[in-house]
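Those protein sequences? They're chains A and B, same order as listed. Residue 247 is where the first sequence starts when you use the working numbering, and the numbers rise one by one after that. Residue 2 is where the second sequence starts when you use the working numbering, and the numbers rise one by one after that. Where a beta carbon is used, it is the ideal one built from N, C-alpha and C, also for glycine. Notes for the one structure printed next.
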Amino acid sequence: MAVALEATKAAGAIIREGWNSDREITFKGRADIVTDIDVKAEKAVLEILTSAFPDFGILAEESSPIAGKSQYRWVVDPLDGTRNYAQSIPHFCTIVALADSDEVIAGVVYDPVREETFTAARGQGAFLNGSPISVSETTELSRSLLSFDLGYVDEKAGLAIDLLRSLWPGMYSVRLMGSAGLGVAYAASGRVDLFFHHSLSPWDIAAGLILAKEAGGRVVDRQGNDAGLFTPSVICSSPVLIDGFLAATDGLPWRTAV
Amino acid sequence: MGRFQTDVEVSLKGRANVVTDADLASERLILDYVSEEYPDFGILSEESEPVAGTSPYTWVVDPIDGTRNFAEGIPHFCIVVAISDGDQVVCGVTYDPVRDEMFAAQRGRGATLNGEPMQVSDREDIDEAVLGFDLGYDFGQAKHLLELAADVWPRVQGYRLMGAGALGLAYAACGRIDLYFHHSLSAWDIASGVLLAREAGGAVLDRATLEDATLFSPGLIVSNPSLVKQFLALTEGSTWRSM
């Protein structure tokens, strides 16, 4: 955990430094971008992680995967919410998680703007800046604040918007803030009642999986089964609200699309 | 700010509209201060009855914009304090206490973010634009907004729905969001935002009339003139535009 925290702080420093300068932006896809800061921050994170634990594997957004000699691997997103960063919207984070084969056993989500660090380790609870967090206590979807992000596949994003359209006014309101990592962390800490997304990569969800679990919640796939590192579509909330969401969205295209 | 993450007493104004004791305390502080400095001004503030002044100027105040965010612990909300002259805003500030960001503008003197000049987005094509909006408190109208968002997709780059309209306007004024739109804001939500965006080089249109927005425009479309034009073309014929 200490190493993970050190790594996220190092990324945070690079991200903060880069904040006021011009960014070089490269397009990975129509709406999928990477900045020079992503790459620099990832390098800093990986240097710290690999020098502390040279046998661990690495699964990081901007690098090729490295198979380690150990069953453990680091899962890293140096800058989640790249679009926000590129547009200077101050809402993004660094994600570092540790997996034992495919099971995440510890994770950190670090927001360098607000200096908020969400942490969790298996069996040890979930915390925000050291204070325990838990998922929402709201039991009704109609009183819930739902959060989601669009992701990078246009069609799936369209289905998510359609879902909200179909559901409305069956929820209190909606947030779309531009960082899935923070979205899941906010759901784990009850700041939003539920977060859903349809196209996440392992490094986006890694820390969120353990945060939510240790915070008394669940992360499930669109069928309601426990999600894992390689589950692209997730719903994160308390068990009660997940059931409510699944019931209310039953049959909608977002739920069933391939 | 000390209120922020402790349990707050939340009273419900309407189904989706909350006011916290922090709103009231914040308002009390602001109004006490400004009315001592300028006792002749009128007061138009979210949580109080309007006060008619003897001066042509009015303080327009939203003690916490993004109250739901505040109540839930989402660190994205702001304070709005502006001075109006009739339906025009002469100066205004929007302050984000979490990130310590002060957006300010004075009529004819430009707009700043923490003292640095700011401009609206210079993006030319709406298909590369990130659009900000919020749902508001009228469920029927929000329905049409969601319809619009669904119909327009994917002819824009992305959306942001962050839960504080005044910050949405401020972000449009400084180009963080390329275009911001809303259909049911109150004077105290938009007072400084309208001036911020205008002084930052933006076009700020009343959603219904498509004329320059005033303090009392319930709906707004805010961006550089080119993106506003493209947005109008994209949304032509939608219920959101004509409701």
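- In this chain, the alpha helix (DSSP H) harbouring T502 (chain A) covers 499-502.
- Between P57 (chain B) and chain A, the shortest Cβ-Cβ separation is not below 8 Å.
- According to the DSSP assignment, A83 (chain B) belongs to the beta strand (DSSP E) that extends over 79-86.
- Proximity of the segment 142-156 of chain B to the segment 201-211 of chain B falls short of the contact definition, fewer than three beta-carbon pairs being nearer than 8 Å.
- Residue state for Y318 (chain A) is assigned as strand, using DSSP reduced to three classes.
- Rounded to whole angstroms, the gap between the alpha carbons of G169 (chain B) and I178 (chain B) is 8 Å.
- Assigned with DSSP and collapsed to three states, Y172 (chain B) falls in helix.
- Using a 10 angstroms sphere on the CB of L211 (chain B), the tally of other CB atoms stays under 16, which defines it as exposed.
- According to DSSP, G303 (chain A) shares a beta bridge with A:R319.
- For F394 (chain A), the closest alpha carbon among the candidates A:L422, A:W449, A:D323 is that of A:L422.
- Counting the other Cβ atoms within 10 Å of the Cβ of D326 (chain A) gives 16 or more, which makes it buried.
- Across the set A:R319, A:T384, A:E383, A:D408, the C-alpha of A:D408 shows the shortest separation from the C-alpha of R501 (chain A).
- Neighbours of Y172 (chain B) in chain A, taken as residues at a C-beta separation under 8 Å, are given in chain order as I335.
- Interface annotation, W154 (chain B): in contact with chain A, CB-CB separation under 8 Å.
- Taken atom to atom, the span from the alpha-carbon of A209 (chain B) to that of S56 (chain B) is near 30 Å.
- Exclusion of the five residues before and after V342 (chain A) leaves A250, A253, T254, V322, V354 as the residues of its chain whose Cβ lies within less than 6 Å of its Cβ.
- At a cut-off of 8 Å, the C-beta of R329 (chain A) has a neighbouring C-beta in chain B.
- Residues of chain B with a Cβ closer than 8 Å to the Cβ of S419 (chain A) are, in chain order, A17, R69, L136, G164.
- H183 (chain B) sits close to D135 (chain B), with the two beta carbons spaced by under 8 Å.
- Taking E73 (chain B) as reference, the option from A:V291, A:T363, A:A290, A:L392 with the minimal CA-CA separation is A:L392.
- Within the segment 104-162 of chain B, the runs of alpha helix (DSSP H) at least 4 residues long that lie entirely inside it are, in chain order, 140-153.
- Within the same chain, Cβ atoms closer than 6 Å to the Cβ of G454 (chain A) are found at V430, the five residues on either side in sequence being excluded.
- Ranked by how close their Cα comes to the Cα of S316 (chain A), the residues A:Y331, A:E307, A:F299, A:A306 have A:F299 in first place.
- For L197 (chain B), no beta strand (DSSP E) run applies; the uninterrupted alpha helix (DSSP H) run containing it begins and ends at 188-200, by DSSP.
- Of all residues in the segment 182-199 of chain B, none has a C-beta nearer than 8 Å to a C-beta of chain A.
- CA-CA distance, D213 (chain B) to V223 (chain B), rounds to 10 Å.
- Here the C-alpha atom of F302 (chain A) lies approximately 16 Å from the C-alpha atom of W449 (chain A).
- When DSSP states are grouped into helix, strand and coil, Y418 (chain A) belongs to the coil group.
- Short of 6 Å from the beta carbon of S85 (chain B), and not among the five residues preceding or following it, lie these beta carbons of its own chain, in chain order: T59, V61, L216.
- Under DSSP, D66 (chain B) shares a beta bridge with B:C79.
- When DSSP states are grouped into helix, strand and coil, V99 (chain B) belongs to the coil group.
- Chain-order list of chain A residues neighbouring G159 (chain B): A277, R329, L396, G424, by C-beta distance under 8 Å.
- Within chain B, A151, W154, P155 have C-beta atoms less than 8 Å from the C-beta of G404 (chain A), given in sequence order.
- Each residue's CA atom was taken as its position, placing A143 (chain B) and L221 (chain B) some 14 Å apart.
- Per the DSSP secondary-structure output, Q89 (chain B) pairs in a beta bridge with B:D86.
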